[in-house]
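Structure, as structure tokens:
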Amino acid sequence: MQPKDDDIAALYKLQQRIASLDFSRDDLTTDHKDIYNYIEKTIIEPKSTVLEFLPPADVLAYVAKNILFPTFAHKLTPHLLDVIATVEFYRQNIVSQGKKALHDRKAADGLTNDEEAYLRKQVSLDKNWRQVYLTILGECCHYDLYDLWLAYPPSMGTFMIRFNEYFPFLNKYCTHPSPRLFHQTLSKDEQETLGKKGLAICDFCTNSESWIAERVTNRAYWTLFQVKEFREMFPPPCTRKKLVKLICSYLDYVVSLQTIDGMLN
């Protein structure tokens, strides 16, 4: 089954609207409302046939950037990770199609020399961009848990729930499957690499508690996490600006792969 022509046209109009946005601006509230209203009225309410298919990469990237700008809404990190995992699924699917086309002589013959060269280049970059994706996962998990650990007022319940969502394989008592989508496509080696990030977070928690215990007197325990000396001793895993830049580079790259859809379909 293919989407209806009218539904495809409505989706294309949405994509054009998204492409016109400048996320460096701080005053996008009206733009976002217009886009949400458009999606509601032309796609969701009429139950558009495009809803039965994976959203295009540029629509997914828009959702992710709406979390990142104008200020990274770190409380939405779990949702951001799910969106990025879906973007990665799209990238892997495109690369898989590209590999098949290059091995299918009939399909390859239908490509121009420039198209075939472009396709080969993107296929060759598969491992590089997979590593970028894995780095984003690790840094997002690390940054989110760092923020939760230092939050005031504290919420250890939220911290532990989130830790078990990100690293369920590190807790033998965690019997429920994680709701986070990125776990579905991790290889054993990738899981082990991500696990090292989880163990580093455990070390940070242990060391920071020891640091606090040596200094706590008549001050409330958790207020010491807010002092400058603590932040200098235990800086965040990376700057928020650097993390946002990395995520945007990845999203923009995957959006650029939509041209391959046009070549192969």
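Quick note on numbering: numbering that gives the first Met the number 0 labels position 219 of the sequence shown as 218, and the sequence is numbered without any gaps. No residue lacks a Cβ here, since even glycine has one placed at the ideal position from N, Cα and C. Note that this is a predicted model, so its numbers are computed, not measured.
Host alpha helix (DSSP H) of residue i (start-end)
{"i": "PHE203", "result": "187-214"}
{"i": "HIS182", "result": "No alpha helix (DSSP H) holds HIS182; DSSP gives it neither H nor E."}
{"i": "PHE224", "result": "Run containing PHE224: none; DSSP gives neither H nor E here."}
{"i": "GLN257", "result": "257-263"}
Outcome for residue i when other beta-carbon atoms lying within 10 angstroms are tallied against a minimum of 16
{"i": "GLN121", "result": "buried"}
{"i": "ILE160", "result": "exposed"}
{"i": "TYR61", "result": "buried"}
{"i": "TYR172", "result": "exposed"}
{"i": "LYS196", "result": "buried"}
{"i": "ALA116", "result": "exposed"}
{"i": "LEU50", "result": "exposed"}
{"i": "LEU53", "result": "exposed"}
{"i": "ALA100", "result": "buried"}
{"i": "ASP103", "result": "exposed"}
{"i": "GLY97", "result": "buried"}
{"i": "TYR142", "result": "buried"}
{"i": "ILE43", "result": "exposed"}
{"i": "GLU208", "result": "exposed"}
{"i": "GLU164", "result": "buried"}
{"i": "PRO176", "result": "exposed"}
{"i": "TYR145", "result": "buried"}
{"i": "ASP5", "result": "exposed"}
Member of the options whose CA lies at the smallest distance from the CA of residue i
{"i": "ARG24", "options": "ASP57, PRO2, LYS3 and ASN65", "result": "ASN65"}
{"i": "ARG214", "options": "GLU228, ASP202 and PHE22", "result": "GLU228"}
{"i": "LYS240", "options": "LYS98, LEU50, GLU39 and PHE68", "result": "PHE68"}
{"i": "GLU189", "options": "THR70, GLY261, GLN257 and VAL131", "result": "VAL131"}
{"i": "PHE88", "options": "THR41, PHE181 and ASP260", "result": "PHE181"}
{"i": "GLY194", "options": "PHE168, MET232, GLN15 and TYR151", "result": "PHE168"}
{"i": "VAL254", "options": "GLN91, THR41, ASN36 and GLU44", "result": "GLN91"}
{"i": "ALA219", "options": "TYR151, HIS31, GLY137 and ARG16", "result": "TYR151"}
{"i": "ASN206", "options": "LEU185, ARG230 and THR216", "result": "ARG230"}
{"i": "ILE135", "options": "LEU256, VAL86 and ILE34", "result": "VAL86"}
{"i": "ALA8", "options": "LEU20, ASP21 and TYR37", "result": "TYR37"}
{"i": "TYR249", "options": "HIS73, PHE224, ARG129 and ILE34", "result": "ARG129"}
{"i": "LEU198", "options": "PHE162, SER186 and LYS46", "result": "PHE162"}
{"i": "MET232", "options": "LYS244, THR238, TRP210 and TYR252", "result": "TRP210"}
{"i": "PRO2", "options": "ASP33, TYR165, LYS46 and PHE71", "result": "LYS46"}
{"i": "ASP26", "options": "THR70, LEU144, PHE166 and TYR145", "result": "THR70"}
{"i": "PRO55", "options": "PHE203, SER95, LYS32 and LEU10", "result": "LEU10"}
{"i": "PHE166", "options": "SER154, LYS244, GLY137 and LEU149", "result": "GLY137"}
Backbone CA spacing between residue i and residue j [nearest angstrom]
{"i": "LEU124", "j": "THR222", "result": "46 Å"}
{"i": "THR192", "j": "LYS126", "result": "15 Å"}
{"i": "ILE93", "j": "PRO77", "result": "25 Å"}
{"i": "ILE83", "j": "LEU59", "result": "8 Å"}
{"i": "ILE200", "j": "THR29", "result": "39 Å"}
{"i": "THR258", "j": "GLU114", "result": "10 Å"}
{"i": "ILE246", "j": "CYS139", "result": "10 Å"}
{"i": "GLY156", "j": "LEU242", "result": "26 Å"}
{"i": "GLN225", "j": "ALA63", "result": "29 Å"}
{"i": "PRO234", "j": "ASN170", "result": "26 Å"}
{"i": "LEU147", "j": "ASP108", "result": "54 Å"}
{"i": "LEU263", "j": "GLN15", "result": "22 Å"}
{"i": "ALA18", "j": "ASP57", "result": "8 Å"}
{"i": "ASP21", "j": "THR174", "result": "44 Å"}
{"i": "GLN183", "j": "ASP81", "result": "11 Å"}
{"i": "PRO178", "j": "LYS187", "result": "18 Å"}
{"i": "GLY261", "j": "LEU118", "result": "12 Å"}
{"i": "HIS31", "j": "ALA212", "result": "46 Å"}
Item to check | Length at least 4, wholly inside the region 13-66: the alpha helix (DSSP H) runs in chain order | outcome: DSSP assignment within the region 13-66 yields the following whole alpha helix (DSSP H) runs of 4 residues or more, N-terminal first: 28-38.
Checklist entry - Taking only runs of the alpha helix (DSSP H) that begin and end inside the region 81-167, which ones reach a length of at least 4 residues, in chain order? => result The alpha helix (DSSP H) runs of length 4 or more contained entirely in the region 81-167 are, from start to end of the chain, 104-108, 112-123, 125-149 and 155-165.
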